[in-house]
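Student: For the record, the sequence lines run as chains A and B. Be aware that the first sequence starts at 205, since it is given in this note's numbering, and climbs by one per residue. Be aware that the second sequence starts at 6, since it is given in this note's numbering, and climbs by one per residue. Cβ atoms here follow ideal geometry from the backbone N, Cα and C, with glycine treated the same way.
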Amino acid sequence: MIYYLGLKWRRATFRLYSRGEGVFVRPILPYLQRYIPNLRPYKKLYLLGILGVIFEVSTNLFTPWSMKLVVDTILASGSNKQGLTLFLVRIAFILLALGLIRAWGIYLQIMGFEGASQRVGKDLREKLYDHIQRLPFAFHNSTRTGEIMSRITSDVNCIREAFGFGSLFMVLFIAYYISVLAILFYINWEFTLVTSITMPIIIYTGIKYRGKVDPLFEKLQEEIAKFTAIVQENISGIRIVKAFFKEKREIQRFTRENNTLFDVNMKIVKTNAFYHPLMDFLTSMGFVLILLYGGKEVIEDRTSIGLLVAFTGYLMMLVWPVRMVGFILSMIQKGDAAAERITKLLEEKRLPDTGMIELDHIRGEIRFENVYFSYPDSNEYVLEDINIDVKPGEVIALVGATGSGKSTLVQLIPRFFDVTSGRITLDGIDIRDMRLSNLRSHIAMVFQENLLFSTTIRENIAFGHPDATFEEIVNVAKAAQADGFIRELPNGYDTVVGERGIGLSGGQRQRIAIARALLKNPKILILDDSTSSVDQETEHEIQKALENLMYNRTTFIIAHRLFSVKMADQIIVLEKGKIVEKGKHKELLAKNGFYRRIYNLQWGQKESIFNEIRENLEEYA
Amino acid sequence: MHNDELEEGRVNHYYLKRLLSYLKPYWFQLVISFIVVLAITGISLLSPWIIKVIIDSYIMKGKYLEMLRMVGILVLIYVAGWILGNLRTYMLSLIGQRVIFRLRQELFEHLQNLSFRFYDNTPVGKIITRLTSDIDALSELVSGGIINIFSELLMLVGIIVIMFRLHMSLTWATLSTLPILIYMFTGFERKLLESERNVRTTATDLNINLQESISGVRVTQAFNREERNLERFKEINESHFQACLRSIKLISLLWPGVEIFWILSSIVVVVFGGYWLIKGQITVGIIAAFLTYTGNFFGPIRNLSQFLQIIQRASAGAEKIFTVLDTKPDLKEAPDAVELPPIEGRVVFNNVYFSYDGIEPVLKGINLVVDPGQTVAIVGHTGAGKTSLANLLCRFYDPDEGCITIDGYDLKKVTFRSLRRQIGLVLQEPFLFSGTVRENMLYGKEDATDQEIWNSLDIVGIGDFVRRLPSALDTPVGERGVSLSMGQRQLLSFARMVLANPKLLILDEATANIDTDTEVQIQIALRELLSGRTAFVIAHRLSTIREADIIIVLENGKIVEKGTHSELLVLGNIYYRMSMAQFRDLPSPDTEYLEA
């Protein structure tokens, strides 16, 4: 468990802040506190759990006392043994009854606290999942998948454990500590004072141990991750390793990490080797004190031997709770640290969705009016002074170097980002005045890297339109030139693809993505036309699919293929976020400007080869 | 991953013995630890006895001074226990960590020597598992598992012996409760394990769904799929929750079960002990000692019940690890291998046959002569054998028949080092290691100066880009570094090859994954690189192919066409058709003319 909790140990939750006028105490566990309302629906379970704690502690308190009764009664009885057997049987029955109640109490505790915390965890995961799905692209672009995943998995688990076993042990500890000490004080306060000296020391040692070992476990986790990364890299790059004949260097790299791993492990071993026996020793010292002091009391006849046995029994009860304190605190503090990270994530702003307008049908006229865009926390404009006027059904090709702002521009239309200033209108309505889901329902996108989900092809195509009939799906697949290869797959449309299924080539994925977009039957289409490696046959088929897709729709296309550029109604040439040229292919070529240069660089060569082939052929013909 | 779960219930003695042989170098430390462990067991057995003596012989009889002396001895024993405990944990873990270190090291070094055939047949994930979780499965056993289990047994036997010495009948009475505990730990634990496995499986499902949802979030938003995805996540979340709940239910039954065992054994001790106390056959001290001893049953029995699992896990792990270690590399340097002198570049394929699995031939009778400095373009459909040809040239595999020579040297008779150092290979998927730009470049030439690195970066036209990076050459790239586009990564891997300055170049679809801007850049760099070097270029872009000196067209493992660009075009066969296909996207009237 400790391995999974390998997160930050925060040394002090109590922190004194001095701020000019005075000193105030930072609230204990400031972040974890915020999640207490999440427990409210499960109040009953927690109450049951607390009831279980009461059952356990109260019944347990009787056990050492029964020892005293037995020992003292028997010793006091002297030669009069009558009735003792009955007494013993009675005690046994009481013990059994109490024991059963205690067992039941333990059951209730676990079911209560852990049952509730599992539900809290489940709720929290759902909440986070929903939140993350609705965060804007800017967030996702700057956050790694793994990071978000660890929020939803391990951080939620840390909070859950703090609210589950963490809280249970805390409550148990407090209940035992207070009640046992109260009884001990009641029996003999001097005796109690002397013998419980070791407890604060054990608690202190326990906390100190966690303070040492938690960061080490954290470090170990990091090193294991690094170790795995090195192995992963080596194995997946083995062709390069062998081609460069670098096996020796790789072994050196591995040895270094293997050594570090060994060292960190040994540091943990040393810490354990020091603290565990130390805590054992301190615990034993508690009993030595009882013997020393209690023995004297008994000998001097101030205490009965039965009381000494009972005393020992009570102190034994505290041994484990006391030793667990460090662990409990670290568990709860980890929960707090996790809560801090989760709170931060939950505070990420979603796009405001305040627009109320819902349109059933649109014409597909789009205008960019003086649009400026910069990413949040950046002063640099990614897009500057963009003005575009698109009539329904037009094809707009965007051309420009990597980083010129093409992708950002098209992503403003479905509001994956909001403009910084200026506005974008759809059929004359500012897109921010439309309901977000309504706006996006009119737009379909084909991305450059087309992610398919690990489910059947049929469901992947029906992604935006889950109620589509099979016939509709087949129709769009045909239009996307995908029907052919899909039918050749082992289970046709029911073949599972993605991580858990068969792998498809880039071209095949793209055609399924086109089908997916077609099925949505949008008025506005955004294409990031990829240049992924596909052979000529496939490229030709994709071409046909795209033609089908663009028919009668307003289309924005980030163009890498000459074909898409030539057929565009407007070509927009972007450079460093500004529109530098605008017009049709022939017009722009004639201008002999920026477009002409890009054209020559990217496609001119192809045309010249083409001409050369023609000449060759004519020569040999 | 699922079918890779460790199998249970089967212990292979051969592998277990072999695993234990790794402990041999530490026999001395093991003997010492064994003695330490014996001493510790003795101490934990002895101390309740001493307490009994203190109560019965001194406290009950009012001998305070003697009691003090005895308590003094007790303290000494506890101090000894403290020190010995420290020693035991340290020594046993040290031995275990050493063994694990050595196994990892051996395994990794062995993996570096294994040839491609092994990697072809073993998924990356599985190999990583060998080095991580399979080795972890051994760690308990080698970190003093056996010694600890021995001490647990000793403890159990010791407790029972002492109890018998203290009071025979009370011992019998107490032992009668043991079967409950044993049943709980054996029967129950199995169920618990099963439910935990279920928790892990559902957690994996959850992770996969999350991973996909997060990386696909853009698609989700574009298609308004948030609600639907949430529904699906809820289902998976629910089944994970149910699995956790089931395992909690089991725990919430196990713990009270242990408690009931405690109660029963205490009742037995109190009732029977009390009865004999009445009869005067037993002392208070004995009862106190019995209570302590029954409490001590718990640990050893639990650990013993888990020992079988530890052995099973270790045996399964050992089998997997040793199976890899026993895999012989099928490519070996000939004992009389010579250094291949600096390559001039005359490459000859002489009637080469090759298959990956020994059944289905991939290359069938390849004959090819390449003169120094020539560029050979290899074209053909996927699966035609293009990459196999390149693999044979690097001697990643040996041909089944025929031979390949460079400057008259048979590849089988030269050292790997001298061969591969002179060959530059660039793959379709550019591969960078996590590390800085410089570290990645030094992969090509270990002792390169910064000047040389910059030169080669400039040659492929990525120098300016690198200069603009936050820390230039020291900027980390790869998984943990700045994100580079496919094209930029490919350019870096080209630069790495330029730095290595190989005599023979192999480009395996190296320009397939890059955008048109980058391609132009690489074209220019390539022209310079290819001059004066023999090169094999696998490509499907005409712009790359047409400048080659020889173009060979592979189909089903055979060379079906061979010649220059214009020769093959005139031939009007396969190459011609492939070329034409590239121009279909030019919607100009010329296309119609050509197809007519």
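Once DSSP output is grouped into helix, strand and coil, what is the label at B:M72?
Tutor: The answer is helix: DSSP assigns B:M72 an H, G or I state.
Student: What does the alpha-carbon distance come out to for the pair A:E692 and A:Q685?
Tutor: Those two C-alpha atoms are separated by around 13 Å.
Student: What separation, rounded to the nearest whole angstrom, lies between the Cα atoms of B:E145 and B:L313?
Tutor: Each residue's alpha carbon lies about 12 Å from the other.
Student: Going along the chain, which residues of the region 665-678 of chain A sit with their C-beta nearer than 9 Å to a C-beta in chain B?
Tutor: Against chain B - using a Cβ distance shorter than 9 Å - the residues of the region 665-678 of chain A are F667, G668, H669 and P670.
Student: Are A:P525 and A:Y311 closer than 8 Å when you measure CB to CB?
Tutor: For A:P525 and A:Y311, no; Cβs fall outside 8 Å.
Student: Compute the distance between the beta-carbons of B:G466 and B:A530, then report whether it is under 8 Å.
Tutor: Yes, they are a contact pair.
Student: Which partner residues of B:P481 appear in the DSSP bridge assignment?
Tutor: Looking at the DSSP assignment, B:P481 forms a beta bridge with B:T441.
Student: With a threshold of 8 Å between beta-carbons, can A:Q774 be considered close to chain B, or not?
Tutor: No, A:Q774 does not count as interfacial toward chain B.
Student: Give the straight-line distance between the Cα atoms of B:I60 and B:Y69, rounded to the nearest whole angstrom.
Tutor: Approximately 11 Å, taken between the alpha carbons.
Student: Just to make sure I have the definition right: I need the residues of chain B whose C-beta is within less than 7 Å of the C-beta of A:K326. Which are they?
Tutor: Result: N242 and F246.
Student: Output yes if chain A places a C-beta closer than 8 Å to the C-beta of B:K239; else output no.
Tutor: So, interface residue.
Student: DSSP state of A:M638, grouped into three classes?
Tutor: Strand, per DSSP.
Student: Might you give, ordered along the chain, the residues of its own chain that have their beta carbon closer than 6 Å to the beta carbon of B:Y581, omitting 5 neighbours on each side?
Tutor: Excluding sequence neighbours, B:Y581 sits near L574.
Student: Take B:K567 and list the residues in its own chain whose beta-carbon comes closer than 6 Å to its own, dropping the five residues that flank it on each side.
Tutor: So the qualifying residues of the chain are I557.
Student: Does any C-beta atom of chain B lie closer than 8 Å to the C-beta of A:W308?
Tutor: It does: the Cβ of A:W308 has a partner Cβ on chain B nearer than 8 Å.
Student: For B:P366, which residues does DSSP report across the bridge?
Tutor: Answer is B:S360, bridged to B:P366.
Student: Roughly how many whole angstroms lie between the Cα atoms of B:G350 and A:L708?
Tutor: Roughly 38 Å between the two C-alpha positions.
Student: State yes or no: is the beta carbon of B:Q231 nearer than 8 Å to at least one beta carbon in chain A?
Tutor: Residue 231 of chain B is actually Glu in this sequence, not Gln. It does: the Cβ of B:E231 has a partner Cβ on chain A nearer than 8 Å.
Student: List the whole-angstrom C-beta distance separating A:G510 from A:M271, where the pair is believed to meet the contact cut-off of C-beta under 8 Å.
Tutor: That pair is a contact at about 7 Å.
Student: Determine the extent of the alpha helix (DSSP H) in which B:C408 is found, giving its start and end residues.
Tutor: Note, B:C408: premise wrong, no alpha helix (DSSP H); beta strand (DSSP E) at E406 to I411.
Student: Taking Cβ positions only, does A:L563 come closer than 8 Å to chain B?
Tutor: Judged by the 8 Å Cβ criterion, A:L563 is not in contact with chain B.
Student: Relative to the alpha-carbon of A:R506, which residue among A:N469, A:M483, A:K423 and A:F395 has its alpha-carbon at the smallest distance?
Tutor: Nearest C-alpha to A:R506: A:F395.
Student: A:K423 by DSSP, collapsed to three states: which one?
Tutor: Three-state DSSP puts A:K423 in a helix.
Student: Whose Cβ in chain B lies nearer than 7 Å to the Cβ of A:I314?
Tutor: Those within 7 Å of A:I314 in chain B are I253, I256, S257 and W260.
Student: Per DSSP, A:N392 forms a beta bridge with which residues?
Tutor: For A:N392, which the question treats as bridged, DSSP gives no partner whatsoever.
Student: Within 8 Å of any Cβ in chain A, is that where the Cβ of B:V58 sits?
Tutor: Taking Cβ atoms only, chain A never reaches closer than 8 Å to B:V58, which makes this a no.
Student: Terminal residues of the continuous alpha helix (DSSP H) containing A:T507?
Tutor: Element bounds for A:T507: n/a, residue is neither H nor E.
Student: Check whether the region 619-629 of chain A and the region 538-549 of chain A touch, using three or more Cβ-Cβ pairs below 8 Å as the test.
Tutor: Because the criterion of three Cβ pairs below 8 Å is not met, the region 619-629 of chain A and the region 538-549 of chain A do not touch.
Student: Quick check on A:S354 - is its C-beta less than 8 Å from some C-beta in chain B?
Tutor: No, its Cβ sits nowhere closer than 8 Å to a Cβ of chain B.
Student: Mapping DSSP to helix, strand and coil, what is A:I628?
Tutor: In the structure shown, A:I628 sits in a strand (DSSP, three-state: E or B).
Student: To the nearest angstrom, how far is it from the Cα of B:V442 to the Cα of B:C399?
Tutor: Their backbone Cα atoms lie some 26 Å apart in a straight line.
Student: Nearest-angstrom Cα distance between B:T209 and B:I316?
Tutor: If you take the alpha carbons of B:T209 and B:I316, they lie about 26 Å apart.
Student: Pick out whichever of A:I439, A:D631, A:T629 and A:F389 has its Cα sitting closest to the Cα of A:F515.
Tutor: Considering only alpha carbons, the answer is A:F389.
Student: What runs of the alpha helix (DSSP H), each 4 residues or longer, lie entirely inside the region 433-463 of chain A?
Tutor: Fully enclosed alpha helix (DSSP H) runs of 4 or longer: 442-447.
Student: Using alpha carbons as the reference points, say which of B:V80, B:D554 and B:K57 lies closest to B:Y295.
Tutor: Here residue 295 of chain B turns out to be Phe, not Tyr, going by the sequence shown. Among B:V80, B:D554 and B:K57, the Cα nearest to that of B:F295 belongs to B:K57.
Student: Expressed to the nearest angstrom, what Euclidean distance is found between the alpha-carbon atoms of B:L24 and B:N17?
Tutor: The alpha-carbon atoms of B:L24 and B:N17 are separated by roughly 11 Å.
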